[in-house]
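A short write-up of the structure that comes next.
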Amino acid sequence: MWQYGKLPRPSPSPRRRSLLRGPAPPREPAALTLSDHLSTANPALAGLILAVANACVEIAGVVRRGGAEHSAAVSVNVQGEVQKGLDVLANDILIRVAGRSPALVAMGSEEMDDIIPVRDLGPDGGYFLLFDPLDGSSNIDVNISVGTIFSVLPADMLTSMLLEPSSGSNSRK
């Protein structure tokens, strides 16, 4: 600010300003999206993974809007854990959204007793989707993080594993 008897200090030129600041920081590379990352993958697999990601976005919205309102116990799942309304809702969302993928042959969920068949194994194969729709949901009322865990397996590999008789020490009697 100018005061009587004092001249204002001239501001440095743009070149001088840049010299005072030092070299410019390196530019960050453009963010890589999931779609970008999957662009080189098998299109059927990429489509299924994107469907799961979309289901996760929908589940996150439900949790964010009021997961506690769905926290009452509903039943007991396959592992004997108390199943809450939010578990069931997240399970339904994943089944509905991922089930639309043409690459999906079957799904298995921690919340259900049986495999959910979706469509027949085609000549191009397909994929099995195995998931826990909302891991950690028993802690949601104390604001601990929750998430969806999933695995995508080639259906032909999993089908052969399920149909082959077990051998060795892991066989069930």
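Numbering-wise, the sequence shown is residues 0 to 172 according to numbering that gives the first Met the number 0. Where is the CB? At the ideal position from N, CA and C, for every residue including glycine.
- Note on geometry: alpha-carbon atoms of residue 142 and residue 93 lie some 22 Å from one another.
- The beta-carbon distance between residue 104 and residue 127, rounded to whole angstroms, is 6 Å. This is short enough to meet the 8 Å contact definition.
- Of the candidates 134, 133, 106, 106 places its Cα closest to the Cα of residue 157.
- Comparing C-alpha distances from residue 137 to each of 112, 131, 82 shows the shortest one belongs to 82.
- By alpha-carbon distance to residue 113, the top candidate from 99, 119, 129, 125 is 129.
- Here the alpha carbons of residue 31 and residue 144 stand approximately 25 Å from one another.
- Among the bridge pairs identified by DSSP, residue 151 is matched with 128.
- Along the region 94 to 138, the alpha helix (DSSP H) does not occur as any fully enclosed run of 4 or more residues.
- Within the same chain, Cβ atoms closer than 7 Å to the Cβ of residue 125 are found at 102, 103, 104, 154, the five residues on either side in sequence being excluded.
- Where residue 40 is concerned, there is no enclosing alpha helix (DSSP H), because DSSP gives it neither an H nor an E.
- Beta-bridge pairing by DSSP links residue 146 to 134.
- Nearest neighbour of residue 88 by Cα position, chosen from 100, 99, 65, turns out to be 65.
- Of the candidates 51, 60, 150, 40, 51 places its Cα closest to the Cα of residue 99.
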